[in-house]
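Following my numbering, the numbering of the sequence shown begins with 1445 at its first residue and continues without gaps.
Just so you know, even glycine gets a beta-carbon here, dropped at the ideal spot from N, CA and C.
Structure first, commentary second.
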Amino acid sequence: MGYQYSSEKFKFQTEVLYQNAKLDNQQEFPKAFALERRFSAVLPTMRMEYIFSPTTNIQIDYDTETAEPQIRQLQPVLDNSNPLQFRTGNPDLDQSYRQEMRLRFRSQNPDTDHSWFLYASSSLTNRFISNSTLIANQPLALAEGITLEKGGQLLKPVNLDGFYELRSWANYGMPLEFIKS
């Protein structure tokens, strides 16, 4: 569902999406395991643009997205193929939810060929899917007949809140007289 508005100087668009995914996993080997998970989310977006002149404008975007865990990340199966680094899944993982805001400003003077471009973005991800690493300081029995030796690692996916990114950059362009650009 969405809405758009447009005039000579101002453009606005917003949308709301509903996302629903179902995961049904039946595992027989190495041991029987059934997993059924549902993931749903409301995903709003928004875009605005203001045109100051034919050569100068500003844009603001807001987006949301999710990332569902992979089957491998959800299955509680111990992968001991590398004796120094074991992996296991986490059936309690949830999907991540990311919000991002972007700002772009562009301006060009066609008479002098001078231009500006400014960009900034920030994002916040809740329930970010990452790995927890356990380093054994002594031999650790993990399963029947499987031991993580001292110094070995056990990696397990976990959800983390508050993962954020900030980015920005600016660009100024002008001709260089000495190379006749």
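I'd like the list of long-range same chain contacts for residue i, defined as Cβ closer than 8 Å, with 5 residues on each side in sequence excluded.
| i | result |
| --- | --- |
| Leu1537 | Pro1513, Gln1517, Leu1518, Ile1573, Pro1601, Val1602 and Asn1603 |
Measuring alpha carbon to alpha carbon, tell me which of the options ends up nearest residue i.
| i | options | result |
| --- | --- | --- |
| Lys1455 | Glu1472, Asn1581 and Arg1491 | Arg1491 |
| Tyr1563 | Arg1611, Gln1463, Ile1623 and Leu1461 | Arg1611 |
| Leu1598 | Arg1531, Arg1546 and Ile1590 | Arg1531 |
| Pro1520 | Pro1535, Trp1560 and Gln1582 | Pro1535 |
| Gly1446 | Arg1482, Ala1465, Pro1474 and Leu1487 | Leu1487 |
| Asn1469 | Ser1525, Leu1461, Arg1482 and Gly1595 | Arg1482 |
| Tyr1608 | Asp1555, Met1545, Gln1552 and His1558 | Met1545 |
| Leu1620 | Asn1581, Asn1575 and His1558 | His1558 |
Leaving out five residues on either side along the sequence, give the residues of the same chain with a beta carbon under 7 Å from the beta carbon of residue i.
| i | result |
| --- | --- |
| Gln1543 | Thr1508, Ser1567 and Leu1568 |
| Leu1584 | Thr1591 and Leu1592 |
Starting from residue i, follow the beta strand (DSSP E) in both directions and report where the run begins and ends.
| i | result |
| --- | --- |
| Thr1499 | Counting along the chain, Thr1499 falls outside any beta strand (DSSP E), and DSSP gives it neither H nor E. |
| Asn1581 | From DSSP, Asn1581 is part of no beta strand (DSSP E); its letter is neither H nor E. |
Under 6 Å Cβ to Cβ from residue i, same chain only, skipping five residues before and after it: list those, please.
| i | result |
| --- | --- |
| Phe1549 | Ile1502 and Leu1562 |
| Asn1570 | Tyr1541 and Asp1605 |
| Asn1524 | Phe1530 and Ile1590 |
| Gln1448 | Gln1457 |
| Leu1578 | Leu1598 |
| Trp1613 | Tyr1563 |
* Asked: What are the complete beta strand (DSSP E) segments, minimum 3 residues, inside the segment 1511 to 1558?
  -> 1529 to 1531 and 1540 to 1553
Determine, using beta-carbon pairs with one atom in the segment 1581 to 1595 and one in the segment 1496 to 1509, whether at least three such pairs fall under 8 Å.
no
Handout entry: Meets three-Cβ-pair contact criterion under 8 Å: the segment 1467 to 1487 and the segment 1496 to 1503
Key = no
Length-filtered (4 minimum) alpha helix (DSSP H) runs lying within the segment 1585 to 1611 = none
Q) Which residue spans inside the segment 1461 to 1498 form an unbroken alpha helix (DSSP H) run of at least 4? A) none
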